[in-house]
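Residue numbers (this note's numbering): 642 to 948. Don't be surprised by glycine CBs; every beta carbon is placed ideally from N, CA and C.
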């Protein structure tokens with residue numbers, strides 16, 4: 642029996658690939674959707690926008706798109722681009738959801754908004770979105786220094802906002818997915834876990850750094866003139882975090898992502914990297930995440946001393 646996220650998005654597994662700029666491209670999104678989850682294409686880069694069409698060469702399954710509101714707030718033509726590409730599900734983020742929700746709904750699209758606070762969740766609900774991604778501060782990429790963890794934020798939003806929820810931040814397997822269901826979610830979104838998959842196009846150096854990371858392996862960088870980011874504590878980021886006066890953010894993130902130069906920029910990565918021990922195919926990540934939840938919950942029940 643499908644839950645609300647499965648029904649809303651039309652997926653067998655409510656496991657969504659996060660919208661990572663430069664990384665959320667056609668091959669990875671197609672692999673996720675082919676496996677029964679929901680792949681995502683980023684729209685900030687020209688390459689990403691081209692992949693809205695190119696992904697159709699790789700899968701006939703539904704693929705979502707991310708609309709980062711801050712980047713598009715002065716250019717509503719993105720809605721026409723999404724419609725022409727046949728996109729049915731849009732995940733909005735980084736801005737006021739009221740700016741695009743009605744336009745997207747009028748174009749026949751489902752709108753899921755990413756929030757990192759209860760205030761943001763209420764604002765998204767008031768804007769009429771169909772569902773939420775609730776992301777704790779342990780997730781990778783742009784984060785608020787005042788953000789709550791998924792353990793705190795997810796049940797808080799679930800108790801106060803009547804919308805289907807996808808949990809993000811710390812999600813990588815059946816154990817974290819089972820916890821998110823108990824806390825009020827009906828699906829999970831994964832960034833770092835999908836980044837460290839066999840189908841991800843990022844360089845092996847980046848993937849291996851994720852696998853090697855321990856529970857102190859990421860850091861929130863709060864540098865004047867730059868947004869706060871959770872990144873791997875390695876290479877350039879490790880020197881910036883240690884206040885090395887010679888370390889500067891150079892903005893060459895694609896050289897890190899695709900050439901493997903860990904000194905070129907910083908690597909947006911979540912704390913869940915410490916729980917990722919191997920590079921797996923996307924299909925195995927998705928299947929095991931959802932199919933093994935019942936076994937995880939059964940194990941938890943046994944620890945209560947009840948059948």
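Secondary structure note for residue 776: its beta strand (DSSP E) is the uninterrupted segment 772-776. Annotation: the continuous beta strand (DSSP E) that includes residue 809 extends over 806-809.
For residue 681, the uninterrupted beta strand (DSSP E) run begins and ends at 680-682, by DSSP. Sequence-distant partners of residue 780 (beyond 5 residues in either direction) whose C-beta falls short of 6 Å from its own C-beta, in its chain, are 809, 810 and 911.
For residue 763, the three-state secondary structure derived from DSSP is helix.
Counted as a single uninterrupted DSSP element, the stretch harbouring residue 882 is not any beta strand (DSSP E) but the alpha helix (DSSP H) occupying residues 876-882.
Residue 743 is classed as exposed because its beta carbon has fewer than 16 other beta carbons within 10 Å across all chains shown. Note: residue 831 is bridge-paired with 658 in the DSSP secondary-structure output. In the DSSP assignment, residue 707 falls within the unbroken beta strand (DSSP E) covering 704-709. Every unbroken stretch of the alpha helix (DSSP H) spanning 4 or more residues and falling wholly within the region 844-877 is given here in chain order: 845-853. Taking all protein chains in view, the Cβ of residue 655 is crowded by 16 or more other Cβ atoms within 10 Å, so the residue is classified as buried. Taking 7 Å as the cut-off, the Cβ atoms of residue 777 and residue 794 count as close. Partner residues in the beta bridge of residue 751, as assigned by DSSP, are 730. According to DSSP, residue 782 shares a beta bridge with 871. Taking the C-beta atoms as reference points, residue 673 is found no nearer than 7 Å to residue 708. Three or more beta-carbon pairs separated by less than 8 Å link the region 658-671 to the region 686-696, which places the two stretches in contact. Within a 10 Å sphere around the beta-carbon of residue 909 sit 16 or more other beta-carbons, which makes this residue buried. Residue 645 has its alpha-carbon roughly 17 Å from the corresponding atom of residue 801.
Exposure of residue 935 is indicated by the presence of fewer than 16 other C-beta atoms within 10 angstroms of its C-beta. In terms of CA proximity to residue 703, 681 leads the group 714, 747, 692 and 681.
Less than 7 Å separates the beta-carbon of residue 838 from that of residue 923. About 7 Å separates the beta carbons of residue 693 and residue 722, which is inside the 8 Å limit, making them a contact pair.
Judged by beta-carbon spacing, residue 917 lies within the 7 Å limit of residue 851, meaning their Cβ atoms are closer than that value. For residue 930 against residue 820, the beta-carbon gap comes to about 12 Å, at or over 8 Å, which does not count as contact. Residue pairing by DSSP puts residue 756 in a beta bridge opposite 775.
Distance check between residue 895 and each of 843, 853 and 942 places 843 closest, using alpha-carbon atoms only. In this structure, the alpha-carbon of residue 676 lies about 27 Å from that of residue 854.
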